[in-house]
Amino acid sequence: DTGVSQDPRHKITKRGQNVTFRCDPISEHNRLYWYRQTLGQGPEFLTYFQNEAQLEKSRLLSDRFSAERPKGSFSTLEIQRTEQGDSAMYLCASSPWDRLGEQYFGPGTRLTVT
Amino acid sequence: TQLLEQSPQFLSIQEGENLTVYCNSSSVFSSLQWYRQEPGEGPVLLVTVVTGGEVKKLKRLTFQFGDARKDSSLHITAAQPGDTGLYLCAGEETSGSRLTFGEGTQLTVNP
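Each protein sequence line maps, in turn, to chains A and B. Quick note: the first sequence uses my numbering, first residue 1, plus one each step. Quick note: the second sequence uses my numbering, first residue 1001, plus one each step.
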């Protein structure tokens, strides 16, 4: 049984560049979540999907952020025109249909914007 | 947005000591999760509690959900250096929706 995987694990980019992260959830999970975590803080919710439908977006998800889950399996999170304030750990989680509160997290993608 | 307050924020103890971490909110959660996170890694789910007053044990860890489902505690008996890490509580506002996390308790267990 493979857990949630994320790619890449680390990304260093220059301000103004676009970046895209990928998340592969646990295969039988139909809910997929994105969170962001900065140093010394707990994760903050960004958005979540049920299958391919994006059901909720946080106010943290500005116009420069977009997330997709086109076939209800893997998801991508894109940040356009990155800013230094976007530097953070981006975490993906998935949950089973019958225990929705049990969210299982991937290892995260550490983004550094220089 | 419901807020979760964790205390203490930092805890440094000697191996063999007992400790308790608290997670409090003024709002009711449909479930509450405890996670442990190591540097550079994602949070690892330890337990989910759903019913008010529920107590769950995981080896030396005991988790309790308050009767009103607003607060929770994590008690570790005879702490070991391997217990070192960031402990996070997270509340589920409504079933299947976002988790709201506390700021975490950084535990260090010294040998």
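Ideal Cβ positions, reconstructed from N, Cα and C, are used throughout, including at glycine. Since this is a predicted model, take the numbers as computed values, not measurements.
Beta carbons nearer than 7 Å to chain B: which residues of the segment 81-97 of chain A have them?
L91
Along the segment 1031-1054 of chain B, where does the CB come closer than 9 Å to a CB of chain A? Name the residues.
S1031, L1032, Q1033, Y1035, Q1037, G1040, E1041, G1042, P1043, V1044, L1045, T1048 and V1050
Buried/exposed call for B:T1094, threshold 16 Cβ in 10 Å
Residue numbering aside, residue 1094 of chain B sits at position 94 when the second sequence is read from its first letter. Under this definition B:T1094 is an exposed residue.
List the residues of chain B that A:E28 touches, going by C-beta distances under 8 Å, in chain order.
Working through the first sequence from its first residue, we reach residue 28 of chain A at position 28. Within 8 Å Cβ-Cβ: nothing; A:E28 doesn't reach chain B, min ~16 Å.
Within 10 angstroms of its Cβ, does A:H10 collect 16 or more other Cβ (buried), or is it exposed?
Numbered from 1 along the first sequence, position 10 holds the residue referred to as residue 10 of chain A. It is exposed - the Cβ of A:H10 has fewer than 16 other Cβ atoms within 10 Å.
Reference B:F1101, options B:C1089, B:N1110 and B:T1108, closest by Cα:
Here residue 1101 of chain B refers to the residue found at position 101 when the second sequence is read from its first residue. It is B:C1089 whose Cα lies nearest to the Cα of B:F1101.
Between B:E1092 and chain A, is the shortest Cβ-Cβ distance under 8 Å, so that the two count as touching?
For this step, residue 1092 of chain B is matched to residue 92 along the second sequence. Yes, because at least one Cβ of chain A sits closer than 8 Å to the Cβ of B:E1092.
Confirm, please, whether the CB-CB distance from B:L1099 to A:Q132 is below 8 Å.
Residue 132 of chain A is absent from the model: chain A starts at 1 and stops at 114.
Can you have a look at B:W1034 and say buried or exposed, based on whether 16 or more other CB atoms are within 10 angstroms of its CB?
For the purposes of this step, residue 1034 of chain B is taken as residue 34 along the second sequence, with counting starting at 1. It counts as buried.
Give the interface partners of A:F45 over in chain B, defined as CB-CB distance under 8 Å, in chain order.
As a position in the first sequence, residue 45 of chain A is number 45, starting the count at 1. Within chain B, the residues near A:F45 are R1098, L1099 and T1100.
In or out: A:L91 buried (at least 16 other Cβ within 10 Å) or exposed?
Numbered from 1 along the first sequence, position 91 holds the residue referred to as residue 91 of chain A. Label assigned to A:L91: buried.
If we ignore side chains and look at the alpha-carbon of each, how far apart do B:A1068 and B:V1028 end up?
As a first step, residue 1068 of chain B is located in the second sequence; it is residue number 68 there, counting from the start. As a first step, residue 1028 of chain B is located in the second sequence; it is residue number 28 there, counting from the start. In a straight line, the C-alpha of B:A1068 is about 7 Å away from that of B:V1028.
At 8 Å on the CB atoms, spell out the chain B contacts of A:G106, in chain order.
For the purposes of this step, residue 106 of chain A is identified with residue 106 of the first sequence, where counting begins at 1. Residues of chain B passing the Cβ test: G1042.
Starting from the Cα of B:T1051, find the closest Cα among B:N1024, B:L1032, B:Y1087 and B:L1003 and give me that residue.
Translated into positions along the second sequence, residue 1051 of chain B becomes position 51. The option with the nearest alpha carbon to B:T1051 is B:L1032.
Interface flag, B:E1103 vs chain A, CB-CB below 8 Å:
Here residue 1103 of chain B refers to the residue found at position 103 when the second sequence is read from its first residue. At least one chain A Cβ lies under 8 Å of B:E1103.
Thinking A:A88 and A:Q50 are a contact (beta carbons under 8 Å), I'd like their distance in whole angstroms, please.
Locating residue 88 of chain A in the first sequence gives position 88, where the first residue counts as 1. Locating residue 50 of chain A in the first sequence gives position 50, where the first residue counts as 1. Contact flag wrong, Cβ pair sits at about 25 Å.
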